[in-house]
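Here is the structure we will look at, set down as structure tokens.
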Amino acid sequence: MPADTSITAPASIPVPTGRSALTEPGWVRALLIGGALLFLALFLLLPLVAVFAEALRRGFGAYWLALTEPDAVAAIELTLIVAAISVPANLLFGVAASWCVAKFDFRGKNLLITLIDLPFSVSPVISGLIYVLLFGMNGLFGSYLRDMGVQIIFAVPGLVLATIFVTFPFVARELIPLMQEQGSDEEEAALVLGASGWQTFWRVTVPNIKWGLLYGVLLCNARAMGEFGAVSVVSGHIRGETNTMPLHVEILYNEYNFVAAFAVASLLAMLALVTLVVKTALEWRFGDELAASRH
Amino acid sequence: MAIQVSGITKRFNEFTALDSVDLEVKSGELLALLGPSGSGKTTLLRIMAGLESPDGGGLLLNGEEALGLKPRDRQVGFVFQHYALFRHMTVFDNVAFGLKVRPRGERPGSAEIKRRVTELLELVQLSPFAGRYPAQLSGGQRQRVALARALAIEPKVLLLDEPFGALDAKVRKELRRWLRKLHDDIHITSVFVTHDQEEALELADRVVVMNQGRIEQIGTPAEVYDHPASAFVYEFLGQVNRFDCTVEGGIARVGDGALAIPAQGGVQGPAVAYVRPHDLGVTPASAGPARISGIHVVGPDARIDIDLAGLSLEAEMDRERLATLGIAAGDRCAIHIDRARVFAR
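Here the protein sequences line up with chains F and Y, keeping their order. Heads up: the first sequence begins at 22 in the numbering used here, then just goes up one per residue. Heads up: the second sequence begins at -7 in the numbering used here, then just goes up one per residue.
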């Protein structure tokens, strides 16, 4: 047995310092992050700050006056009404379409998926134009509607239709990959255990998709309130009647009433900020759920 | 409850999953549907549950026409390979689900539901986990919850789709034993699907060997192993040494006469002969016809690779026997066949 079995440590073992092979050197990281922040500052922050700066240029009194002016109030109300109809409608369509696509196989499934994505690829102006071509005075159903005394184009129904079309994909596109990834095992289990179709839907499917649903509704709402192109074509720009907030901003700006234009625009900007904050919060919460639900 | 399957056929586009399958499941038995991927065993199980509908044929559950019944009316319990637990519900709520969704008139009161669920959780030894979520459980625990959930509705039949496929080897063995004990206690008619022949032979009262949508053989584990009805069954159930050969005058000559295997059953002409590694005996012989090319010790067993007249054979024996033989890689040896089967090709 050797007298001394202890291991004497060398004076110091040089430990290799420095970055791992998987990260960029410090200066590259600084450059990339700095570049991204600069881009964001120029194209997002600056315009946002400019909106509020211009809106408050003549003080808070003028700002408030611009917002409480009857036409502006009508525009705000109309935006809210249009959103209040479009978003629930698209919620229903989106859930139904996602349910079909994700859980079933049927003929025409690919066609349905393509149709769902259609509003994204079509220019918003065209989206509005199709309704004018269908329901306008000289449109396909024009004379029929006139006889019935129903006004769609240049009235609220037209605005709602155009908004529904443009915001249609948001909920569906959010839910389809989510539901496909979750599969149908849980639903099948529920069916065999004795649940009816409705019970399966409410007790099993909906709780599993609730975060994706909220996320899709949020995006849908933001777009519904902010839509300009499609709504502009069908609106007729009748002050106090068929102007949503984005259209009202355009009118005010064209009259050189900059403070009022920016005042109304600032409301939309605030909506954008709120949407962003809630979206980030949901992403953070939803991301956890998604990670946990991947078993 | 007995199950009667008659002439069930199922096609998925061009692919025939089941080709006129007839099967009778006796009341109270534990039946295994065994076969490789694509043999149709899972499809047959799902048809029994009502999750798929066949293109032709009939199904009787307890003597009554069942194809027209929805899954919820068939009183079957189904256990999925990947558990299919409701991820947003606790273990307690998962097990109680089947009872809670019953129609008003049939639904037990919440005290009764609580009692039954607690009883079942004790049965599967998961009582302390009642408040946990599926994501917080291990694979084996999740499968036990899935089993408890299936049993909660007091089904007449239990259908299990590769129930232990997603678990690691040790947990698989434990749960196998546990399932067998459960079946012995409650005697519920059970059908389980597996591609693991060891599992089927260990657990089942009877084994149904399936291949490409057809049933190859039905029998007890001993029957299908000792008296396989076809080459497929023989090859599927356990390791084999396989030789293509020609039978003349009742003898199959393999490798230019190096091996002579008697062929039963009047087989003539082109054939395939099978010898199980356990039935291949090895004796050291310095002038023997065969040469040992390798010896692998795997746990308690030894596998010996042998070259004979250009053929590669594998023999298997336990390590003590290997030690007494005193052979090593490179030695020459003689082999003898204890048992073999010959099938027409």
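Beta carbons are placed, not taken as given, at the ideal position from N, Cα and C, and that holds for glycine. None of the values given here were measured: they were computed from a predicted structure.
Quick check: what's the CA-CA separation for residue i versus residue j?
i: residue 190 of chain Y; j: residue 145 of chain Y; result: 30 Å
i: residue 170 of chain F; j: residue 114 of chain F; result: 28 Å
i: residue 228 of chain Y; j: residue 202 of chain F; result: 34 Å
i: residue 287 of chain Y; j: residue 270 of chain Y; result: 15 Å
i: residue 235 of chain Y; j: residue 266 of chain Y; result: 6 Å
i: residue 273 of chain F; j: residue 264 of chain F; result: 11 Å
i: residue 173 of chain Y; j: residue 82 of chain Y; result: 26 Å
i: residue 107 of chain F; j: residue 184 of chain F; result: 7 Å
i: residue 28 of chain Y; j: residue 202 of chain Y; result: 8 Å
i: residue 338 of chain Y; j: residue 211 of chain Y; result: Any property of residue 338 of chain Y remains undetermined from this structure, which presents chain Y solely from -7 to 337.
i: residue 31 of chain Y; j: residue 240 of chain F; result: 46 Å
i: residue 42 of chain F; j: residue 34 of chain F; result: 21 Å
i: residue 141 of chain Y; j: residue 122 of chain Y; result: 12 Å
i: residue 333 of chain Y; j: residue 316 of chain Y; result: 28 Å
i: residue 17 of chain Y; j: residue 221 of chain F; result: 30 Å
i: residue 163 of chain F; j: residue 258 of chain F; result: 20 Å
i: residue 150 of chain F; j: residue 172 of chain F; result: 16 Å
i: residue 98 of chain Y; j: residue 215 of chain F; result: 12 Å
i: residue 254 of chain F; j: residue 301 of chain F; result: 33 Å
i: residue 110 of chain F; j: residue 271 of chain F; result: 27 Å
i: residue 230 of chain F; j: residue 296 of chain F; result: 20 Å
i: residue 298 of chain Y; j: residue 278 of chain Y; result: 14 Å
i: residue 278 of chain F; j: residue 75 of chain F; result: 11 Å
Counting contacts by CB-CB distance shorter than 8 Å, is residue i in contact with chain F?
i: residue 284 of chain Y; result: no
i: residue 3 of chain Y; result: no
i: residue 317 of chain Y; result: no
i: residue 13 of chain Y; result: no
i: residue 89 of chain Y; result: yes
i: residue 94 of chain Y; result: yes
i: residue 68 of chain Y; result: yes
i: residue 141 of chain Y; result: yes
i: residue 63 of chain Y; result: yes
i: residue 78 of chain Y; result: yes
i: residue 145 of chain Y; result: yes
i: residue 41 of chain Y; result: yes
i: residue 72 of chain Y; result: yes
When burial is assigned at 16 or more other CB atoms within 10 Å of the CB, is residue i buried or exposed?
i: residue 68 of chain Y; result: buried
i: residue 153 of chain Y; result: buried
i: residue 192 of chain Y; result: buried
i: residue 232 of chain F; result: buried
i: residue 291 of chain F; result: exposed
i: residue 233 of chain Y; result: buried
i: residue 186 of chain Y; result: buried
i: residue 179 of chain Y; result: exposed
i: residue 54 of chain F; result: exposed
i: residue 130 of chain F; result: exposed
i: residue 62 of chain F; result: exposed
i: residue 119 of chain Y; result: exposed
Within its chain, find whatever has a CB closer than 6 Å to the CB of residue i; leave out the 5 residues flanking it on each side and keep chain order.
i: residue 260 of chain F; result: 92
i: residue 244 of chain F; result: 188
i: residue 8 of chain Y; result: 205
i: residue 160 of chain F; result: 154
i: residue 157 of chain Y; result: 73
Is there a Cβ from chain Y that is less than 8 Å from the Cβ of residue i?
i: residue 82 of chain F; result: no
i: residue 314 of chain F; result: Caution applies to residue 314 of chain F, whose pLDDT of 49 falls short of 50 and renders its modelled position unreliable; the value that the coordinates give is listed next. Output row for residue 314 of chain F: interface = yes.
i: residue 228 of chain F; result: yes
i: residue 306 of chain F; result: no
i: residue 402 of chain F; result: Residue 402 of chain F is absent from the model: chain F starts at 22 and stops at 316.
i: residue 214 of chain F; result: yes
i: residue 210 of chain F; result: yes
In chain order, what residues of the same chain have a beta carbon less than 8 Å from the beta carbon of residue i, not counting five sequence neighbours either side?
i: residue 243 of chain Y; result: 252, 253, 254 and 255
i: residue 140 of chain F; result: 148, 186, 187, 188, 189 and 190
i: residue 138 of chain F; result: 190 and 194
i: residue 62 of chain Y; result: 42
i: residue 51 of chain Y; result: -5, -4, -3, -2, 0, 39, 40, 57, 58 and 59
i: residue 103 of chain Y; result: none
i: residue 47 of chain Y; result: 1, 2 and 3
Does at least one heavy atom of the ligand ZN sit under 7 Å from the Cβ of residue i?
i: residue 256 of chain F; result: Because no ligand of any kind appears in the structure shown, any question about the ligand ZN cannot be addressed here.
Assuming residue i and residue j are in contact, meaning their beta carbons sit under 8 Å apart, how far apart are those beta carbons, in whole angstroms?
i: residue 226 of chain F; j: residue 208 of chain F; result: 6 Å
i: residue 22 of chain Y; j: residue 250 of chain Y; result: Actually they are not in contact, since the Cβ atoms of residue 22 of chain Y and residue 250 of chain Y sit about 44 Å apart, beyond 8 Å.
i: residue 178 of chain F; j: residue 250 of chain F; result: Between residue 250 of chain F and residue 178 of chain F the Cβ distance is about 18 Å, and since that is not below 8 Å, they are no contact.
i: residue 312 of chain Y; j: residue 295 of chain Y; result: In fact, because the Cβ distance is near 15 Å, the residues do not count as touching under 8 Å.
i: residue 335 of chain Y; j: residue 214 of chain Y; result: Contact flag wrong, Cβ pair sits at about 20 Å.
Give every residue of the same chain whose Cβ lies closer than 7 Å to the Cβ of residue i, excluding the five residues on either side of it in the sequence, and list them in chain order.
i: residue 78 of chain F; result: 280
Tell me, please, whether the CB atom of residue i is closer than 8 Å to any CB atom in chain C?
i: residue 207 of chain F; result: Note that chain C does not occur in the displayed structure, where the protein chains are F and Y.
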